[in-house]
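Some notes on the structure that comes next.
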Amino acid sequence: MIYSAPLEDARHLVNHYDRLRQEVEAQATDVLRRRAKLKESDVSEEAYMKLKNSESRLADLKSSMKTLGKEATKAMLEVDNQQQSITYQRLRTLVEAEISYHRNALDILDKLHSEMIAEEEAIIESSPKSLPLHIEDAVSHPQEETSSSSHSREIKSNHHGETKHEEVTKPNPKDDMESSPEVEIKSKPQKEIKSSAPHEDIKTTNGSDDHHSQQLLSQNDSYFLAKVVHPFDAQAPGELSLAVDDYVIVRQVAGTGWSEGEYKGKAGWFPSAYVEKQEKAPASKIVEANL
1 MIYSAPLEDA RHLVNHYDRL RQEVEAQATD VLRRRAKLKE SDVSEEAYMK
51 LKNSESRLAD LKSSMKTLGK EATKAMLEVD NQQQSITYQR LRTLVEAEIS
101 YHRNALDILD KLHSEMIAEE EAIIESSPKS LPLHIEDAVS HPQEETSSSS
151 HSREIKSNHH GETKHEEVTK PNPKDDMESS PEVEIKSKPQ KEIKSSAPHE
201 DIKTTNGSDD HHSQQLLSQN DSYFLAKVVH PFDAQAPGEL SLAVDDYVIV
251 RQVAGTGWSE GEYKGKAGWF PSAYVEKQEK APASKIVEAN L
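full-length UniProt numbering applies: residue 1 is where the sequence shown begins, and numbers increase by one.
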């Protein structure tokens with residue numbers, strides 16, 4: 001709001017104009033009254049001169065009021081323009097201040113966001129490396145196919161050698177009839193040796209867990225240990241149930257998002273996203289996965 005001299009001058013002119021307008025109204029009333037008296041009675045020179053003086057004064061007052069009205073209007077318009085200019089400048093200053101405030105806030109938020117991203121990357125780099133299975137999908141498939149084919153060829157060759165050995169050492173029926181007690185006696189130790197082999201393996205595993213884990217993983221390059229991060233209940237035949245914090249030996253990772261693995265002597269399929277590859281695992285967990 002303007003409180004300077006132009007505003008005070010404009011207000012003074014307006015007040016002066018209002019007083020002059022009241023005088024004009026009073027003078028006009030006096031002129032009308034004198035004219036009415038002249039019509040009712042005989043016209044005298046004195047009454048006529050008073051009427052002329054009143055009319056002359058009324059004309060002067062009207063002229064002064066018109067001039068004063070123009071000056072007051074001009075002064076008020078100037079004050080109004082000045083007031084609008086001041087209001088506009090204040091609004092502009094306010095808008096610029098708001099823009100500057102929000103720009104500063106945006107800069108602070110951008111800086112904070114970049115710091116948060118850098119902190120998150122530093123945490124990820126400092127955390128232990130556990131690669132998701134789906135990242136190694138493309139790399140593991142060729143190795144899995146080669147290792148599975150070589151493993152199947154080894155099984156076939158072993159089976160073929162065993163059959164040849166049985167054919168060479170197979171006795172005649174007559175000899176079987178004659179030497180059946182001896183055959184039974186000889187076969188019993190073999191069965192005992194075969195049956196005792198798993199127990200010896202278990203003892204060896206309990207005695208040297210690290211050596212056993214290396215032996216399991218060295219059987220095939222595509223095999224690796226994985227930790228279960230989400231439970232899974234088998235719903236269909238061929239699926240493998242998993243519990244959180246268990247360790248499973250993963251045999252192969254399919255491109256469909258499923259993996260095949262072994263846990264506690266059972267093999268089956270489970271979602272690849274439910275496990276994370278681990279470089280090392282507790283010895284007790286490795287024993288459980290292989291039992």
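A virtual CB, placed ideally from N, CA and C, is assigned to each residue, including glycine.
Nonlocal neighbours in the same chain, by C-beta distance under 6 Å from residue i, ignoring five residues either side
{"i": "V31", "result": "S54, E55, L58"}
{"i": "I193", "result": "With a pLDDT of 33 at I193, under the threshold of 50, the modelled position of this residue cannot be trusted, and the question is left open."}
Three-way DSSP call (helix, strand, coil) for residue i in this model
{"i": "S100", "result": "helix"}
{"i": "S259", "result": "strand"}
{"i": "L240", "result": "coil"}
{"i": "Q252", "result": "strand"}
{"i": "E279", "result": "coil"}
{"i": "K264", "result": "coil"}
{"i": "P271", "result": "strand"}
{"i": "residue 293", "result": "Outside the shown range of the chain, which is 1 to 291, sits residue 293, and nothing can be said about it."}
{"i": "V95", "result": "helix"}
{"i": "V228", "result": "strand"}
{"i": "Y48", "result": "helix"}
{"i": "Y223", "result": "coil"}
Under 8 Å between C-beta atoms of residue i and residue j
{"i": "D233", "j": "S241", "result": "yes"}
{"i": "E98", "j": "L61", "result": "no"}
{"i": "W258", "j": "P237", "result": "no"}
{"i": "Y263", "j": "H230", "result": "no"}
{"i": "A47", "j": "K37", "result": "yes"}
{"i": "E279", "j": "K227", "result": "no"}
Buried/exposed call for residue i, threshold 16 Cβ in 10 Å
{"i": "V244", "result": "exposed"}
{"i": "I124", "result": "exposed"}
{"i": "I249", "result": "buried"}
{"i": "Y101", "result": "exposed"}
{"i": "Q83", "result": "exposed"}
{"i": "E260", "result": "buried"}
{"i": "L225", "result": "buried"}
{"i": "Y17", "result": "buried"}
{"i": "M116", "result": "exposed"}
{"i": "V95", "result": "exposed"}
{"i": "Y247", "result": "buried"}
{"i": "G255", "result": "exposed"}
Chain-order list of residues whose beta-carbon lies under 7 Å from that of residue i (same chain, five-residue window excluded)
{"i": "K266", "result": "L240"}
{"i": "K50", "result": "R34"}
{"i": "S64", "result": "L20"}
{"i": "P282", "result": "none"}
Residues near residue i in its chain [Cβ-Cβ closer than 8 Å; skip 5 each side]
{"i": "D9", "result": "A75"}
{"i": "V79", "result": "I2, P6, L7, A10"}
{"i": "L68", "result": "L13, H16, Y17, L20"}
Practice task
Answer yes if the region 5–17 comes into contact with the region 63–78, meaning at least three C-beta pairs across the two stretches below 8 Å, and no otherwise.
Solution key: yes
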